[in-house]
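Chemist:
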Amino acid sequence: MTLSAPVSREPLHVRSYDFRGYRRADGLWDIEGHLVDTKTYAFANSWRGEIAPGTPVHDMWIRLTLDDDFTVRDVEVDTAAAPFDVCGGIAPAFAAVKGLTVGPGWRKRLKERLGGVKGCTHLVEMLGAMATVAFQTIYPARARDGRGMETDDGRVPPMLDACHALARDGEIVRRHWPKYYRPRDPGGA
Numbered sequence: 008m009t010l011s012a013p014v015s016r017e018p019l020h021v022r023s024y025d026f027r028g029y030r031r032a033d034g035l036w037d038i039e040g041h042l043v044d045t046k047t048y049a050f051a052n053s054w055r056g057e058i059a060p061g062t063p064v065h066d067m068w069i070r071l072t073l074d075d076d077f078t079v080r081d082v083e084v085d086t087a088a089a090p091f092d093v094c095g096g097i098a099p100a101f102a103a104v105k106g107l108t109v110g111p112g113w114r115k116r117l118k119e120r121l122g123g124v125k126g127c128t129h130l131v132e133m134l135g136a137m138a139t140v141a142f143q144t145i146y147p148a149r150a151r152d153g154r155g156m157e158t159d160d161g162r163v164p165p166m167l168d169a170c171h172a173l174a175r176d177g178e179i180v181r182r183h184w185p186k187y188y189r190p191r192d193p194g195g196a
């Protein structure tokens, strides 16, 4: 652990995420997310009865199928465990992401389509994180195939300017992706 040593404490809750990216035989990409919440103690649940320590309170899955342009071709959602019997019923609403493009504005579009009572907080949070997994899966695989970060329609790759390390006026972009490098305006802020 690289954080400072903590004060003595008692573990109560664990949330685990597992995200994986796959290249499919048909040329598309699957990005899968899995969320599991557990408690270290037993507690009563009005729908499921007593939930034992280590038994998932939430056990949720998402599979996004993307094309090379990061367009969502399909989505599959499953809630294997939840604290309320109605939780899994929201799965069909996630079809609202079909046709969206993973990239700038992704989280905003998710909130518009699935925010609040239109979706599930935990699943929407996972979809947000799955965007990064998509980039980490697809771009390096394309680079191995000799295609790099180029998009089919000539757009700037969406991860550029998405964080300070990948600023288009920064050294990393200048060195690794000179085509997209834009020098800082000396008169600008």
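Per this note's numbering: the sequence shown ends with 196, consecutive numbering throughout. Glycine is no exception: its CB is placed at the ideal position from the N, C-alpha and C atoms. Please read these numbers as outputs of a predicted model, since none were measured by experiment.
1) Should G96 and L117 be called a contact, given that it needs their Cβ atoms to be closer than 8 Å?
2) Taking C-beta to C-beta, are Y24 and L10 nearer than 8 Å?
3) Tell me which same chain residues have a C-beta within less than 8 Å of the C-beta of A141, skipping the five on either side of it?
4) Using three-state DSSP, classify V109 as helix, strand or coil.
5) Can you give the Cα-Cα distance for T45 and M137, rounded to whole angstroms?
6) Check G56 in the structure and name its three-state DSSP category.
7) Among residues of its own chain, excluding the 5 on either side of F101, which ones have a beta-carbon nearer than 6 Å to its beta-carbon?
8) Would a C-beta distance cut-off of 8 Å place M67 and H20 closer than the cut-off?
9) Count the other C-beta atoms from every protein chain shown that fall within 10 angstroms of the C-beta of A51, then say buried if there are 16 or more, exposed otherwise.
10) Which residues in the same chain as R22 place their Cβ atom closer than 6 Å to its Cβ, once the five residues preceding and following it in sequence are excluded?
11) Would you call the CB atoms of A103 and V64 closer than 8 Å?
Modeler: Here's the rundown:
1) no
2) no
3) G28, W36, I38, L71, L73, F77, V109
4) coil
5) 21 Å
6) Here G56 sits in strand by DSSP.
7) V82, V84
8) no
9) By the neighbour-count rule (16 or more Cβ atoms within 10 Å), A51 is not buried but exposed.
10) D44
11) no
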